[in-house]
């Protein structure tokens, strides 16, 4: 069982917006602004898409945005596209194990 | 552009030692002020941070693996390595190496290597 809780799957139609949640505790997500999000296509290396809760690395589409409220962080994908179909993982600094990940969310574009 | 590539045996026997190497190109692991890390994903499970190495050679480990893990570096070859002793079937996973940020060993990672599957079985 992963330290951060993500929904197993989220789906949406092209052009829609979807949101993936990442729930932790005050010892990780809620206590620090060090939440990151990764996208992984099958057989490919994970790709950093959000860091420090809201920041996008250079080259990442503005359709990806991050936020946090309390112990839950969220990744929103706007204007969903077929290429967004992938697995998404969150991670957070934690005062206990130091860095933890979520179990991953499979995004399906209908 | 920094690129990372994992290499090592794909099959390790129970109780033996898992050894992997990450070769970095496009950037120096000792002169560029970044952290470098290992992350794994067991089949059907989430990602797990194993540990990180600073540009100066300091190491940081997941407490749950600390007693069995060593991360080291070979600056002459621009490589860093993972050594995990006394492996069991629970250590079967895809192992990734990745570059971390400049300010913390416990934050984001990017870019990542492609990953290498290591199976622990007799």
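Residue numbers (the numbering used here), protein chains in the order written: chain A, 1044 to 1153; chain B, 17 to 138.
Positions of the beta carbon are idealized from the N, C-alpha and C atoms, including for glycine.
| Query | Result |
| --- | --- |
| Here's a check: name, in chain order, each residue in its chain whose Cβ is nearer than 7 Å to the Cβ of residue 32 of chain B, leaving out the five neighbours to either side. | 103 |
| Do you know whose CA, among A:1111, A:1068, A:1120 and A:1110, lies nearest residue 1082 of chain A's CA? | A:1120 |
| Quick check: is the beta carbon of residue 124 of chain B nearer than 8 Å to any beta carbon in chain A? | yes |
| List the residues of chain A whose Cβ lies closer than 9 Å to the Cβ of residue 74 of chain B, in chain order. | By Cβ distance, chain A contributes nothing, its closest Cβ being about 14 Å from residue 74 of chain B, past 9 Å. |
| On the three-state DSSP scale, how would you describe residue 1095 of chain A? | coil |
| Within the same chain, show all residues whose beta-carbon is closer than 6 Å to that of residue 1154 of chain A, passing over the 5 residues directly before and after it, in chain order. | The question about residue 1154 of chain A has no answer here: the residues shown for chain A are numbered 1044 through 1153. |
| So that I know if they touch, is there some Cβ in chain A lying closer than 8 Å to that of residue 98 of chain B? | no |
| When you compare the CB positions of residue 54 of chain B and residue 101 of chain B, do they come within less than 8 Å of one another, or not? | no |
| Between which two residues does the beta strand (DSSP E) containing residue 1063 of chain A stretch? | 1061–1066 |
| Can you tell me which of the three DSSP states residue 1088 of chain A falls into? | coil |
| Taking the alpha carbon of residue 1144 of chain A as the reference point, which residue from B:90, B:57 and B:89 has its own alpha carbon closest? | B:57 |
| How would you write the range of the beta strand (DSSP E) that residue 174 of chain B sits in, first residue to last? | What is shown of chain B runs 17 to 138, which leaves residue 174 of chain B out entirely. |
| Quick one, are the C-beta atoms of residue 128 of chain B and residue 117 of chain B less than 8 Å apart? | no |
| Identify whether residue 105 of chain B lies in helix, strand or coil by the three-state DSSP scheme. | helix |
| Could you check which residue in A:1111, A:1141 and A:1057 has the C-alpha nearest to that of residue 1097 of chain A? | A:1111 |
| For residue 1087 of chain A and residue 1046 of chain A, I'd like the C-alpha separation in whole angstroms. | 24 Å |
| Along chain B, in chain order, which residues have C-beta atoms closer than 7 Å to that of residue 1118 of chain A? | Under the 7 Å cutoff, chain B gives no residues; its nearest Cβ is about 13 Å from residue 1118 of chain A. |
| Taking only beta-carbon positions, decide if residue 1051 of chain A is within less than 8 Å of chain B. | no |
| Which residue or residues does DSSP assign as beta-bridge partners of residue 1053 of chain A? | A:1150 |
| So, helix, strand or coil for residue 1130 of chain A, using DSSP? | strand |
| What is the DSSP secondary structure of residue 1125 of chain A, reduced to helix, strand or coil? | helix |
| List the whole-angstrom C-beta distance separating residue 1071 of chain A from residue 1137 of chain A, where the pair is believed to meet the contact cut-off of C-beta under 8 Å. | 4 Å |
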